[in-house]
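A short write-up of the structure that comes next.
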Amino acid sequence: MARTKTSVEYSNFTNGFITEASPLTFPENASLDEVNVNINKDGSRQRRFGMDWTDTAVPKAYVGSTLASTGYATSSFTWKSAGNDGENTFGVLQRGRDLFFHDLDVGDPGNSLIFSSTLTAAECPDPTQPLEYTSANGKLLIAGGGVYVSGYYWTGSAVAKSTPYQLAMRDRFGINDSLAITSRPATLSATHEYNLRNQGWPNSTLCANGMTGQLGSPILADPLAQTFTNMGWYPSNADLVWASKIGAISGTGAANIENLDTFSSWELEKQFFGTTPAPKGKFAIDIFDRSSSRIGTSGVSGLTTDITVGGINAIASFAGRVWYGVREDYLTGGDNRSPHLGNMIFYSISSTDEDRWKQCHTDNDPTEEDLGDVLNTDGGFVTIPECGRVYKLIPLGESIYVIASNGVWEIFGGDTGFSATTQTVIKVTDIGAISNRPIVDGENVIAYWAESGIYGIQIDPTSLRGVAKNITEQTIQSYYDDIPVALKKQARGGYDPISKQVSWLYNLESKDSEYYFDKELLLDIARVAFTKREIDGLERVSGKGPYPTTYLRLRNLLSGTLTEAVTASGLIVTASAGDVFTTLSAAEQKTKTSLMYWIADNKDGADEDMYLGGYMDFSFYDYPKVEDAVGNFGIDAEAYIITGSLTAGDSSRYKYAPYVSVKMLRTESGYIEDVDGTVTLIDDSGCYMRAIWEWTNDPTTGRWSRPQQVYRLPRFVLYDSSHTFNFDVVNTRNKVRGKGRALSLKFYSEAGKDMHLLGWGMDIAMKSTV
């Protein structure tokens, strides 16, 4: 039977795995599925290292307490330039209310604890929720979901804690006193008195002691009481105290001259201010407990309760200010003038002074006659009525973005940048985030999980405004949709500036703690390509784990080593300090990383150790220091990649591929020879391949070929004293049996060995008839 032949060559896998493609038109450079392989910039794929912590890492031990038993949250932050010193970079790790500060400028961050601290219940009311962080002027600021902001600073030799502060705003709202704007009541209620004081009416000032032409010497008195004494009524909510001064007098007597610029209730009676309310905001009050601070600042007692129950759940630094997003649970007391804090984004006065970062208001008193103008450096708030719950505030470019449940908004200024007098708010998208935990900000992108997909926000080069895009719609939407919504909300995000990749820890099934994870999704920003990892926890006699719980970004590259004991005649060599070890491996990965992981090692269900670790085990075993229930240490992190279905442009005709040529990078870095002459390779590779015919997804169909090893070093290789090899690429020709209308290949790792796939090629023979 006649056949036609076609040669194909694949050497690029940079599009990651894709679920949104037809089996008949699967895109090139992508995979049907893959696990535990890195997306390299050169198009190759390499097996990831194993998850581990170093031999010198010191755990934080918790006796009788685990994340599973307490529900405590974990989170992290990289505090750069602490104390405004570019050489100081500290990693801050949260477990419940406990904070641990690690020096990231040392060899092993897991053994570099320099300070620990515990937040109070007022600073962190709910320890099951992750903290929010930012840095400003070299100081670390933390929002723990309460009404306080906690601060830490570098003294030059140690980390120290500042006094927590609460946010203040000017009372531009007042209290509903049930009076019309122009009403001048005959009785003075506590609420109306407060409103008048907040509108600039002082407790005492110089008051005219008679009508014009009958003036005596002015007296120091309360202008409200003086008005009632002279007029029989109190000022209205439209009346201005400074507009009721005596500006001109007749006569030259001393008494007359002394009354210039004094308050006159008779002058007030002549004024008509219409229905325009008088300016409010003389008093700066606490944004949450408004009623108590109103009483404290004004001295007016008997005011009604007006309290927002909630806390500060988002914090950021932008435009020389500190910004705050607020969670509003419910209102206690209050009235129709009470502010809805959940719809307000607060920003502080522009200052390097920490004492000013709590002042989300103007410096000038807006009720003053001459000095009430808003300054560019003032603090204040931006109101977004439809935002829902605010999850994150993220600076990007010349704007700050509000990531909320009902959408994303961009806040920016004019040509000179944001200020209290120049600001604009625009809506980027009405697709909001599903929760605050999976939101990630990178160098030039914001990524977040929504119910309908994973969205990215980048700056449009033409308009310079933020643009949102669903980045899973054409890639892995089906896979994303299969993640339960409740588990999507628990996912934790991180960004690696070295690899330019965004990572998310997540689960497909619930764990004992919502901060235990065994899955990881990676997004390569430049290629908009996804890959995934599986980090299985070990099953012990009692207890489970370890599990990564959150990320920590390093200042430099993450590095690891593989050591072995030095032996002589089969015995371990020892010294006075213990066993002697030597470095065994020089392995490296093409895709570098700067991310570490805060790992919870739930040892027995009751006690738990917290380690800083990462992908640093060169034997490709996850947790090789941990023993499972049957005495094994660690678990091999199997890697595989299943290529897209090849139809050679014709999905109807049967095809044959007698041989597949596989190209892999040689990884061996040397060898060890024992006294018997037996050679053991260092950093050796292994890779198995199976052919998959007819779009099948199950080996039991009989359309999968038998596994075969496709990484085979040439037999003529000679080892010399320099421990080098004379080739970089291992190319093997591999027999493939079977036939079908479509062909996929599964490449998968060999336990404990590297796997660096460069590409593959074959000659396809096709029947001439259907």
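Counted from 1, the sequence shown has number 348 at position 291 by our numbering; the numbering is strictly sequential.
Here a beta-carbon is modelled for each residue, glycine too, at the ideal position from N, C-alpha and C.
Between residue i and residue j, how many whole angstroms is the CB-CB distance? I'm expecting something under 8 Å.
{"i": "residue 379", "j": "residue 191", "result": "7 Å"}
{"i": "residue 152", "j": "residue 181", "result": "The pair is not a contact, with the Cβ atoms about 11 Å apart (cut-off 8 Å)."}
{"i": "residue 808", "j": "residue 96", "result": "Incorrect: roughly 23 Å between the Cβ atoms, too far for contact."}
{"i": "residue 158", "j": "residue 138", "result": "Between residue 138 and residue 158 the Cβ distance is about 15 Å, and since that is not below 8 Å, they are no contact."}
{"i": "residue 811", "j": "residue 740", "result": "6 Å"}
{"i": "residue 247", "j": "residue 359", "result": "4 Å"}
{"i": "residue 502", "j": "residue 513", "result": "6 Å"}
{"i": "residue 612", "j": "residue 146", "result": "4 Å"}
{"i": "residue 441", "j": "residue 402", "result": "7 Å"}
Under DSSP, the alpha helix (DSSP H) around residue i begins and ends at which residues?
{"i": "residue 286", "result": "280-288"}
{"i": "residue 425", "result": "Careful: residue 425 lies outside any alpha helix (DSSP H) and carries neither H nor E."}
{"i": "residue 354", "result": "347-355"}
{"i": "residue 323", "result": "322-327"}
{"i": "residue 538", "result": "534-538"}
{"i": "residue 543", "result": "542-547"}
{"i": "residue 95", "result": "Premise fails: residue 95 lies in the beta strand (DSSP E), 94-96, not in any alpha helix (DSSP H)."}
{"i": "residue 248", "result": "247-255"}
Using the Cα positions of residue i and residue j, report the straight-line distance between them to the nearest angstrom.
{"i": "residue 200", "j": "residue 276", "result": "50 Å"}
{"i": "residue 629", "j": "residue 118", "result": "Note that residue 629 has pLDDT 41, beneath the 50 cutoff, so the model's placement of it is unreliable and the number below is only indicative. For residue 629 and residue 118, the distance between alpha carbons rounds to 30 Å."}
{"i": "residue 432", "j": "residue 493", "result": "33 Å"}
{"i": "residue 498", "j": "residue 551", "result": "8 Å"}
{"i": "residue 476", "j": "residue 195", "result": "22 Å"}
{"i": "residue 396", "j": "residue 438", "result": "11 Å"}
{"i": "residue 193", "j": "residue 463", "result": "29 Å"}
{"i": "residue 141", "j": "residue 93", "result": "39 Å"}
{"i": "residue 394", "j": "residue 227", "result": "14 Å"}
{"i": "residue 328", "j": "residue 301", "result": "7 Å"}
{"i": "residue 566", "j": "residue 129", "result": "19 Å"}
{"i": "residue 760", "j": "residue 753", "result": "7 Å"}
{"i": "residue 209", "j": "residue 368", "result": "19 Å"}
{"i": "residue 486", "j": "residue 398", "result": "22 Å"}
{"i": "residue 686", "j": "residue 708", "result": "49 Å"}
{"i": "residue 619", "j": "residue 698", "result": "Unreliable positioning characterises residue 619 in this predicted model, as indicated by a pLDDT of 49, which lies under 50. The coordinate reading is nonetheless provided below. Roughly 26 Å between the two C-alpha positions."}
{"i": "residue 652", "j": "residue 711", "result": "47 Å"}
{"i": "residue 817", "j": "residue 592", "result": "28 Å"}
{"i": "residue 608", "j": "residue 418", "result": "35 Å"}
{"i": "residue 821", "j": "residue 63", "result": "5 Å"}
{"i": "residue 387", "j": "residue 363", "result": "11 Å"}
{"i": "residue 81", "j": "residue 748", "result": "17 Å"}
{"i": "residue 696", "j": "residue 702", "result": "19 Å"}
{"i": "residue 559", "j": "residue 259", "result": "57 Å"}
Per DSSP, which residues does residue i bridge with? Please list them.
{"i": "residue 526", "result": "513"}
{"i": "residue 505", "result": "512"}
{"i": "residue 152", "result": "131, 155"}
{"i": "residue 209", "result": "197, 218"}
{"i": "residue 712", "result": "797, 823"}
{"i": "residue 747", "result": "803"}
{"i": "residue 452", "result": "457"}
{"i": "residue 791", "result": "717"}
{"i": "residue 170", "result": "159"}
{"i": "residue 483", "result": "467"}
{"i": "residue 687", "result": "Beta-bridge pairing links residue 687 to no other residue."}
{"i": "residue 447", "result": "461"}
{"i": "residue 654", "result": "608, 670"}
{"i": "residue 740", "result": "DSSP, once it has assigned bridges, lists no residue as partnering residue 740."}
{"i": "residue 88", "result": "74, 700"}
{"i": "residue 403", "result": "381, 438"}
{"i": "residue 579", "result": "560, 588"}
{"i": "residue 374", "result": "379"}
Identify the continuous beta strand (DSSP E) that holds residue i and give its terminal residues.
{"i": "residue 191", "result": "189-193"}
{"i": "residue 260", "result": "Counting along the chain, residue 260 falls outside any beta strand (DSSP E), and DSSP gives it neither H nor E."}
{"i": "residue 342", "result": "341-343"}
{"i": "residue 768", "result": "First-last for residue 768: undefined, no H or E at that position."}
*Does the segment 234-241 come within contact of the segment 397-413, defined as at least 3 CB pairs closer than 8 Å?*
no
*asked:* Taking contact to mean 3 or more Cβ pairs, one atom from each stretch, closer than 8 Å, check whether the segment 338-347 and the segment 253-262 are in contact.
replied: yes
*Counting pairs of beta carbons, one from the segment 316-336 and one from the segment 206-226, are three or more of them closer than 8 Å?*
no
*Cβ contact check for the segment 576-586 and the segment 128-140: 3 or more pairs under 8 Å*: no
*Would you call the segment 101-119 and the segment 670-680 touching, i.e. three or more CB-CB distances under 8 Å?*
yes
*Taking one C-beta from the segment 362-376 and one from the segment 439-452 each time, how about it: are there three or more such pairs within less than 8 Å?*
yes
*Mind the definition here: the segment 520-537 touches the segment 75-87 only if three or more C-beta pairs lie below 8 Å; say whether that holds.*
yes
_Measuring CB atoms only, is the segment 64-74 touching the segment 521-528, in the sense that at least three cross pairs come out at less than 8 Å?_
no
*Assess, as a yes-or-no matter, whether the segment 791-801 is touched by the segment 713-722 under the definition of 3 or more beta carbon pairs within less than 8 Å.*
yes
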